[in-house]
Structure formats: C-alpha cells, structure tokens
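S.K.: Positions 1 to 569 (the numbering used here) are the ones given, in order, by the sequence shown.
Glycine included, each C-beta is placed from N, C-alpha and C at the ideal position.
Computed from a predicted structure; not experimentally measured.
My questions will all concern the structure given below.
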Amino acid sequence: MPKNNTNIGRTITDQTTTTKVLALGSVPLFDPALERQEVSTLGEAHEILKPDRFDAVIAEPAILIKLLDEARRDALLLSFADRGLAVLDPLGQISWCNSVLTEWCGTSPLGRSLFSALNAKVIAADSADPLEIVRQNHPVSLRLHRPDATIVEYVEVRLQPIRGLSAGGPQILAMCRDVSAEVDQQRKLDALHQAGREMADLDVSQLSEMSEPERVALLKHNLRRYIRDLLKYDTIEVRLLDRRTGELKPLLEDGMTPEAAGRILFARPEKNGVTGYVAHTGRSYLCPDATSDPHYLQGATDALSSMTVPLIYSDEVVGTLNVESPRLNGFGPDDLQFTELFSREIASALHTLDLLSAQQSCAVSQSIDQVSREIALPVDDVLASAAVLLKKYGNLDPEATQHLRRIVANARLVKDCVRKVGQQALANEPVGQPQLLHGKRILLIEQDERMRKSAHLLFERLGAEAESAATATEALAMLADSIYDAVFTEVRPLDLSGYDTYCRIREMRPGIRIAMTTGYGYDAAHSLVKARMDGLRYVLFKPFKQDQVVNAVLATIAPPSSPAPAGTF
Numbered sequence: 001m002p003k004n005n006t007n008i009g010r011t012i013t014d015q016t017t018t019t020k021v022l023a024l025g026s027v028p029l030f031d032p033a034l035e036r037q038e039v040s041t042l043g044e045a046h047e048i049l050k051p052d053r054f055d056a057v058i059a060e061p062a063i064l065i066k067l068l069d070e071a072r073r074d075a076l077l078l079s080f081a082d083r084g085l086a087v088l089d090p091l092g093q094i095s096w097c098n099s100v101l102t103e104w105c106g107t108s109p110l111g112r113s114l115f116s117a118l119n120a121k122v123i124a125a126d127s128a129d130p131l132e133i134v135r136q137n138h139p140v141s142l143r144l145h146r147p148d149a150t151i152v153e154y155v156e157v158r159l160q161p162i163r164g165l166s167a168g169g170p171q172i173l174a175m176c177r178d179v180s181a182e183v184d185q186q187r188k189l190d191a192l193h194q195a196g197r198e199m200a201d202l203d204v205s206q207l208s209e210m211s212e213p214e215r216v217a218l219l220k221h222n223l224r225r226y227i228r229d230l231l232k233y234d235t236i237e238v239r240l241l242d243r244r245t246g247e248l249k250p251l252l253e254d255g256m257t258p259e260a261a262g263r264i265l266f267a268r269p270e271k272n273g274v275t276g277y278v279a280h281t282g283r284s285y286l287c288p289d290a291t292s293d294p295h296y297l298q299g300a301t302d303a304l305s306s307m308t309v310p311l312i313y314s315d316e317v318v319g320t321l322n323v324e325s326p327r328l329n330g331f332g333p334d335d336l337q338f339t340e341l342f343s344r345e346i347a348s349a350l351h352t353l354d355l356l357s358a359q360q361s362c363a364v365s366q367s368i369d370q371v372s373r374e375i376a377l378p379v380d381d382v383l384a385s386a387a388v389l390l391k392k393y394g395n396l397d398p399e400a401t402q403h404l405r406r407i408v409a410n411a412r413l414v415k416d417c418v419r420k421v422g423q424q425a426l427a428n429e430p431v432g433q434p435q436l437l438h439g440k441r442i443l444l445i446e447q448d449e450r451m452r453k454s455a456h457l458l459f460e461r462l463g464a465e466a467e468s469a470a471t472a473t474e475a476l477a478m479l480a481d482s483i484y485d486a487v488f489t490e491v492r493p494l495d496l497s498g499y500d501t502y503c504r505i506r507e508m509r510p511g512i513r514i515a516m517t518t519g520y521g522y523d524a525a526h527s528l529v530k531a532r533m534d535g536l537r538y539v540l541f542k543p544f545k546q547d548q549v550v551n552a553v554l555a556t557i558a559p560p561s562s563p564a565p566a567g568t569f
C-alpha cells in the first residue's frame, strides 16, 4: 500500500489470521512484517472506518475521544437537518452556519449578527438581553419576525452556550426553527377565539330588549360572516337539538338544497344522516367520499365530501355544524381542529343569547341561573376590592378593617341567599347533574367577563362556591384573606405572567390545587412550559369542560403529560 510520512493512522494486518486492526496515533508496531496504512486527517479515518473493514481499533485516548466527539456532532447535525444552525462568537457574530441558515439569509451570513443576517426583529424573548443571558451560561429562547421575507417569516431560536471550543470566551450554538406555519395557525386560532367573544357581545340591557327572533337573526348574521371569513366555508348548516324530542331543528343554512334544508332529522345513529349520527354520538365525523358513505344524505347539489361537528355546551350536545365541499377529501385534520374550536364558540354564543331554552329543566331554573350569573361579577368585584384594601391597610386602621370584613361577609351572604332561594324553588324539580364539587371553594383568575360568568355557572352547578378576580393582584389579595381548595389562573393575566402568578400562589398556599387555563393564545413568556417543569399538573382549555374541572379539583393521581399548546417553545 502507498506510504507517507504522517503518523495519524496505520493499518495493521495479521497475515496468519487475517485479523485487521486500525492503529491511530503513536501506537507501536508489534510486528514489523505487518502491512501499514496511514491517514493524514481524522476525516480519512472516518472514511475508512466502515462496517467490516476492521476487527479492532488501537488509538491514543485523545484521538479516540475526538473521533467520538465528531461522530456525536455529525449525529447532532443530522438530527437538526431541517433547522438553521449557527455558531456565534462571544460578540454574537456568526462564525459558522449550515446550508439551511444560509438559504434563509439569501447570502453568506458569516461575520454578521444573527438578527442582521436574518433581517429580523425580536417579538418575544425570555430576556431583554438574550446574549447576555447566554454569556452567563444559561440557555435562552426567542422568537423573530422577518417582515420582508418571502420564505420563513417567523423563526424560533434557541441560544445555547458551548463550552471549551474557544479560549476567547464561550461560543453560542443557535438552533433556528421555521415556525411560520405555526404562527399562521395561531393567528387563525386567536381570530376564532376573538370571533367567539364578539359573536354574542351584548350587555344585559341590550339582550333584554331583543326578542328571540332578533337574537336568532343576530347570531345568523355573525355565523355567516365568521364561517366565511375565517373558516372559508360556503356551504354550511347549523341545527339545534331539542332535548325533549331529540329533533335537530334547522337554525341556519347556506348552499344546501331545499330538500336538505327542510329535512326532518333526529339525534339517532341510523337513517338520520351524518348530522343525526354526530348528534347521537357527540363525536365529529369526516366524510371523505359522500358517494359511498353509508351515513351521508345529500346536502349540497355538488357535494363530494363533508365534515360535521357537534356543538357542545357544559358537556352536552346542543346542536351540530355541518359543512360540505365539491371536492373529494375536501377536509383534513387542520380543518377539523379549527371547526371543532369554533363550534365551542357557537355553543357559548347560543347560551349567551338564551337560545338553548330546550336544554333547561324549567323556567324557574333559567331565572335562578340568570340571577346568579348577573350578580356574580359585581359581588366578586366587591370581594376583590375589599381584599386589596385589607392587604394594604389592614394593619393600620382596626376600625376600617372591621368595616371591610363586614362588607366581605355581606357580599358572600348575598350569593349564598340567592343559592338557597334557588334550591328551595327547585326542591320539587327532577334531580339535575350531581354536585360533585359540593363544599369546595374555587378562585378563578380571568380577565374575560363572559368567561368569568360562564365559569361561575359551571362551578356552582357542580356545587362549588366560586369567586373570581380580573387580575392576579386582586386574586392574590383574596387568597391572602380567604381559604380556597383550588385556583384556576389564566396563562396570561393582565398584570403578571402566568408563571409568576403560579409561583406566588404556591408560595402563599403550598398545598393548594392550581390549574392554568388557556384560550389557545401564544404563550410568549413560556409560562406553561416553566410551570409544568415546576410541578403544574393541570391545564384547562376554554370553555371549560365539566370532567376537566372536576379532575383538576378532586383527582388524586397526576394526569399523563400532554404536549404544550402550539406556540410554546
């Protein structure tokens, strides 16, 4: 074999047993008759180290460690093949990058800062000075926006210190991930949630002045607008379930044939189309090929596929939403996810507009629920204000403290009197849902008044005593002055981060149950991730489901871990 003067590696072959050994570094030759092959670089050593080429390797420890380090590096680069990778010097300038990042930048980014090379601005970060945090040997996450980019508009970056590569200071590994699709999805989720808030955004006086046909007309108008603008569906049908008869009564239709629009359907698994099947099972149904589906009944003239989801309020099916497409396989998993989310908003709007009267047990029950719902927030505001004043001045003025505590007691007495009147009025009515949370006290932190009212109604139907606060500051003051069994805090309170709120609650009440609630918004502070790492066990999505609330308050075993919502790093 050819020989050279390098001494990185040699091939040693035992001519008798044909055992092949690769020697790397200053390893002595035990038999001068052995054939010798040398390599000049570690790259060549990698090339000849292939399966079945050698039975053993003899190497100096330092060289073997370097080979293993390079193998690990190669494996790392392969595992992040779809991400932009760069090594930054201590000043944040790019000293190395892979081809993915170069493609994103459009030209070589070497010698430039990461932000300059990507022509991006920071829109969310763990710290105001990410590079300084990394220089202190702590990883940091941030999100970048590239407003002028034609590709990769949003980038999520993880900056990780690398030790031991340079004597001039710690270098930084930047791992960049294209999250443009996730951001677009999040925008749509936020738009859906906002649309739900606006769909029945009326105060009590406006609602009381509207007749039921006027409320129906308002809902139809908003449904048509949001379903077309946000979901991009043209052929739609919404039906409401009459709990007494099981009939699915038409509320809204666009693009359906007259026969389909007037069809009488019931919540039954057979002979009532996909709509009847969904209302009966409470499960969504994708019909990829309407020509061969046994449940499908023709809706639109040219429909070849359909998607139907249940409208669910307080864990009960109250109606259905059906959309149709002139294409085969016209709807996919993303369409189903968005439509299911919007169906929750529709159900909530139906409830807000009092269009679910068939769901109620009797007129008395409706009246009691309405009174409870309307006094809940004013009473909570009194409790929160009194708690804040007690925390601030409680030790300075004993007489004022006594008056404040009397205000708190009387405010709670008002709610208790309403509850007792309701119980007496309904004493002879059929038994409703079981009061699984009887005797429990729950504190809710939520800035959305509509959500606070809805949660109050659900908690109290389950037998719990519920109080709420619009800000974390008010809630912490209430928590300092009262005992609660559980606290539900939104992931983004108005005045504190969700994680800070979580930590302060735990510090004040170490054994209390804590659940974080989210409406699918981007968690820029990564509160969910941090809190989960710090022991958070429960995350509830709005609007709350009964079983999730009960589980968060009563469960003795931690639920299985679930992935963080889209948008968290």
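(1) Can you tell me the Cα-Cα spacing of LEU336 and MET533, whole angstroms?
(2) Return the residue from the list THR401, LEU223 and ASP242 that minimises the CA-CA distance to ARG344.
(3) Report the partner residues of GLU467 according to the DSSP bridge assignment.
(4) Return the Cβ separation of GLU247 and ASN322 in integer angstroms, given the expectation that the two are a contact with Cβ distance under 8 Å.
(5) Do the stretch 489-500 and the stretch 412-421 make contact, defined as three or more Cβ pairs closer than 8 Å?
(6) Tell me the rounded alpha-carbon separation between LYS271 and TYR285.
(7) What did DSSP end up calling LYS121 once you bin it into helix, strand or coil?
(8) One question on the structure: do VAL318 and VAL278 come within less than 9 Å of each other, judged by their Cβ atoms?
(9) Applying the 10 Å Cβ sphere with the 16-neighbour rule, what's the burial state of HIS221?
(10) Take ASP178 as the anchor and find which of SER108, GLU103 and ALA455 has the nearest alpha-carbon.
(11) Which residue's Cα is closest to the Cα of VAL491: LEU444, GLU212 and SER348?
(12) Take VAL487 as the anchor and find which of VAL553, HIS193, GLY262 and SER305 has the nearest alpha-carbon.
(13) Using DSSP's beta-bridge definition, name the partner residues of ARG143.
(14) In three-state DSSP terms, what is TYR502?
(15) Give the single residue among GLY511, VAL549, GLU507 and ARG509 whose Cα lies nearest to the Cα of THR517.
(16) Figure out for me which residue from SER95, GLN136 and ALA149 has the closest Cα to the Cα of LYS121.
(17) From the DSSP output, in three-state form, read off VAL549 for me.
(18) Per DSSP, what are the beta-bridge partners of GLN171 in this structure?
(19) According to DSSP, which residues form a beta bridge with SER113?
(20) Where ALA376 and LEU396 are concerned, what is the direct C-alpha to C-alpha distance, given to the nearest angstrom?
(21) Measure the CB-CB distance between GLN93 and VAL134 and report whether it falls below 9 Å.
(22) Ignore the nearest five residues each way along the sequence and tell me which others in LEU328's own chain have a CB closer than 7 Å to its CB.
(23) Where LEU144 and ARG243 are concerned, what is the direct C-alpha to C-alpha distance, given to the nearest angstrom?
(24) Between the alpha carbons of GLY273 and ALA466, how many angstroms are there, rounded?
(25) For ARG112 and CYS105, I'd like the C-alpha separation in whole angstroms.
(26) Given a threshold of 16 other Cβ atoms within 10 Å of its Cβ, counted over all protein chains shown, does CYS417 qualify as buried or as exposed?
(27) If contacts are defined as beta-carbon pairs under 8 Å, then TYR233 and MET199 qualify, I think. What distance do you get, rounded to the angstrom?
(28) Do ALA117 and LEU101 have their beta-carbon atoms positioned less than 9 Å apart in this structure?
(29) Please classify ASP380 as buried or exposed, where buried requires at least 16 neighbouring CB atoms within 10 angstroms.
(30) Which same chain residues end up closer than 8 Å to GLY196 when comparing Cβ atoms and leaving out the 5 residues on each side of it in sequence?
(31) Round the Cβ separation of PRO250 and ALA267 to the nearest angstrom and send it over; I've been treating them as touching at under 8 Å.
(32) Using the rule of at least 16 other Cβ atoms within 10 Å of the residue's Cβ for burial, across every protein chain shown, is ARG263 buried or exposed?
(33) Please report the straight-line C-alpha distance between GLU316 and GLU253, rounded to a whole angstrom.
(34) Report buried or exposed for GLU324, applying the criterion of at least 16 other Cβ atoms within 10 angstroms of its Cβ.
(35) Specify the secondary structure class of THR339 as computed by DSSP and reduced to three states.
(36) Whole angstroms is fine: what's the gap from LEU618's alpha carbon to LEU85's?
M.R.: With the given structure in hand:
(1) 31 Å
(2) LEU223
(3) LEU443
(4) Incorrect: roughly 16 Å between the Cβ atoms, too far for contact.
(5) no
(6) 15 Å
(7) strand
(8) no
(9) exposed
(10) GLU103
(11) LEU444
(12) VAL553
(13) ALA124 and GLU156
(14) helix
(15) VAL549
(16) ALA149
(17) helix
(18) ILE162
(19) GLN93
(20) 30 Å
(21) no
(22) PRO288, ASP289, LEU304 and SER305
(23) 50 Å
(24) 41 Å
(25) 11 Å
(26) exposed
(27) Their Cβ separation, rounded to whole angstroms, is 16 Å, which puts TYR233 and MET199 out of contact at 8 Å.
(28) yes
(29) buried
(30) PHE342, ARG344, GLU345, ILE346, SER348 and ALA349
(31) Not confirmed; about 14 Å, so no contact.
(32) buried
(33) 23 Å
(34) buried
(35) helix
(36) Only positions 1 to 569 of the chain appear in the structure, and residue 618 is not among them; the question remains open.
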